[in-house]
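**Q** 1 is the number of the first residue of the sequence shown in UniProt numbering; add one for each residue after it. Glycine included, each C-beta is placed from N, C-alpha and C at the ideal position.
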Amino acid sequence: MTRTVIFDIDGTLADATHRLHHVTKEPKNYDAFFAAVGDDPVIEPIRELAQVLARQDYKIILVSGRSDKVREQTLDWLGRHEVPCDELHMRREGDYRQDFTIKSEILDELLADGNEIAFVVDDRPSVVAMWRERGLTCLQCRDWDEAPHVNPGLLTVMVGPSGAGKSYWLTTDEACGFGIDPSHIVSSDQLRADLCGDFRDQTKNDEVFTALHAVVKIRLAHGLPTVVDATNLRRKDRLSVVGLSAGMVRYVVIDRPTEDKRRDAGWRATLPFDLIAKHDQTFRSQLRDILAGDGQPNVEVLDLRRAA
C-alpha cells in the first residue's frame, strides 16, 4: 500500500477569504465564488507541510469540494504555488450534495485503489467529523464558525405536462404513502395566484419562480420535506430546483393518456394555442433525461405514468 496524506484545498491550502462574500450573503453566487480561485493566496504553513511530506515519499492527494468545472484553474494555481499534488479529486459539476458526503465517497475510491491513508488535513468541522468517523486521523488546520448541521429535508420534484394530474396525485392516499403531506407542497400555480391574482397568469413567471426557489431553499435548509408542484418539463428548470438541495431528491413523473387530458382540459381548452399538445411534445423530448434523473447522483425517479 502507498502511504498517502489527503489535503483539502479551500481554507486549507488556499486562502479563499477574499471571495467568501459571494456565498455568505443571499443570494449565494457559487459561480462567482469559484471563478476567483486563481487569485487565492497560498496558506504557507500547510503548503510547507505538503512539501515536506512529498520529499519523504508520501503520496499527496488533494480532495476538494470545488466543482471540477474549475479543474484547470485549480491545477494552474497548484503549479504556480508549487503545491505538490499526485492526484486531484473534485466534486463533479452539477453534484450539489454536502462536502462530507462527496468526500466520503472519494475516500471509498481511494481505499479501493490501495491507498494507505496516514492522515488528513482539512478545515471544515462537518468534514473533519466525517474523516474521524471513518477512522482516520484528521488535523483541523483552522477554526470554523459553522452552523450546526441539519439534515436537509427530502425534496420531491413533480414532473409532467399540464393536465397530467400532478396536483391531483398529491391529494391521494398514494402520495400520503410516500410521506407527502399537503403542508410540504410549494405550488407554482398558487404563487401565481398570490402574485398575479390568477393562477393562469404567466406575466410574472420570473418573480413566481424566484419566490418558489426561495421558499424551497429555506424549507430544505431547516430539514423540512418539500414538494415542488410545477411542470418542470425543461432540464434547466429541473436542475435549478435540484440545485437547491444538499440531500436526496425524488422525481415523481406523472402522465396519463392524451384523450383523458383533453376530456378534462377545462381552462386549457380556452387558450389560443394547443397547450396539451405543446407540453406533450416537450415532455416526450425530455423523457429519457427525466427517467435518468438528469444524470444527477442524488436524484431517484418514481415513474407513475399511466399507459395509454
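Pull up the distance between the alpha-carbon of L256 and that of D198, whole angstroms please.
**A** In the sequence under discussion, the amino acid at residue 256 is Arg, which differs from the Leu named in the question. Cα to Cα, the separation comes out at about 26 Å.
**Q** Tell whether a beta-carbon distance below 8 Å holds between T12 and V121.
**A** Yes, they are a contact pair.
**Q** In this structure, what does DSSP give as the bridge partners for A35?
**A** None, per the DSSP bridge assignment.
**Q** With DSSP as the reference, identify every bridge partner of D303, one or two as the case may be.
**A** Looking at the DSSP assignment, D303 forms a beta bridge with V253.
**Q** Give the straight-line distance between the Cα atoms of G247 and I276, rounded to the nearest whole angstrom.
**A** Approximately 33 Å, taken between the alpha carbons.
**Q** Could you check which residue in L244, A230, K236 has the C-alpha nearest to that of L224?
**A** Ranking the options by Cα distance to L224, first place goes to L244.
**Q** Could you tell me which residues DSSP puts in a beta bridge with H213?
**A** Partner(s): none; H213 has no beta bridge.
**Q** Just confirm the distance between the C-beta atoms of I106 and C85, as a whole number of angstroms; I'd bet it's less than 8 Å.
**A** That belief does not hold up - the Cβ atoms of I106 and C85 are roughly 15 Å apart, past 8 Å.
**Q** Establish whether the CB of V227 and some CB of chain B are separated by less than 8 Å.
**A** You won't find chain B in this structure, because it holds only one protein chain.
**Q** Nearest CA to the CA of D15: which residue from R238, T282, C138, V37?
**A** With distances taken between Cα atoms, D15 lies closest to V37.
**Q** Assign M90 to one of three DSSP states: helix, strand, or coil.
**A** Three-state DSSP puts M90 in a strand.
**Q** Along the chain, where does the beta strand (DSSP E) containing K69 start, and where does it finish?
**A** Note, K69: premise wrong, no beta strand (DSSP E); not H, not E.
**Q** On a Cα-Cα basis, can you pick out the residue from V228, D57, V23 that is closest to V5?
**A** Ranking V228, D57, V23 by Cα distance to V5 puts D57 first.
**Q** Starting from M158, follow the beta strand (DSSP E) in both directions and report where the run begins and ends.
**A** Start and end: 155–159.
**Q** Once you ignore the five residues that flank E207 on each side, which residues in its own chain have a CB closer than 8 Å to its CB?
**A** Taken in chain order, the residues that qualify are L195.
**Q** Rounded to whole angstroms, what is the Cα-Cα separation between G165 and S104?
**A** Each residue's alpha carbon lies about 39 Å from the other.
**Q** Give me the residue from R234, T270, L302 with the minimum Cα distance to Q281.
**A** For Q281, the nearest C-alpha among the options comes from R234.
**Q** Short check: CB of R250 to CB of T156, under 8 Å?
**A** Yes, they are a contact pair.
**Q** Identify whether D122 lies in helix, strand or coil by the three-state DSSP scheme.
**A** If DSSP states are grouped into helix, strand and coil, D122 belongs with the strands.
**Q** Thinking just about the alpha-carbon of each residue, which of F34, D289, R91, F7 is nearest to the one in G160?
**A** Checked all of F34, D289, R91, F7; the closest Cα to G160 is D289.
**Q** Taking L88 and I117 to be in contact with their CB atoms under 8 Å, please state how far apart those CB atoms are, rounded to whole angstroms.
**A** Actually they do not touch by this definition, with Cβ atoms about 16 Å apart.
**Q** What whole-angstrom Cβ distance do V301 and L291 have, given they're in contact under 8 Å?
**A** Between L291 and V301 the Cβ distance is about 6 Å, and since that is below 8 Å, they are a contact.
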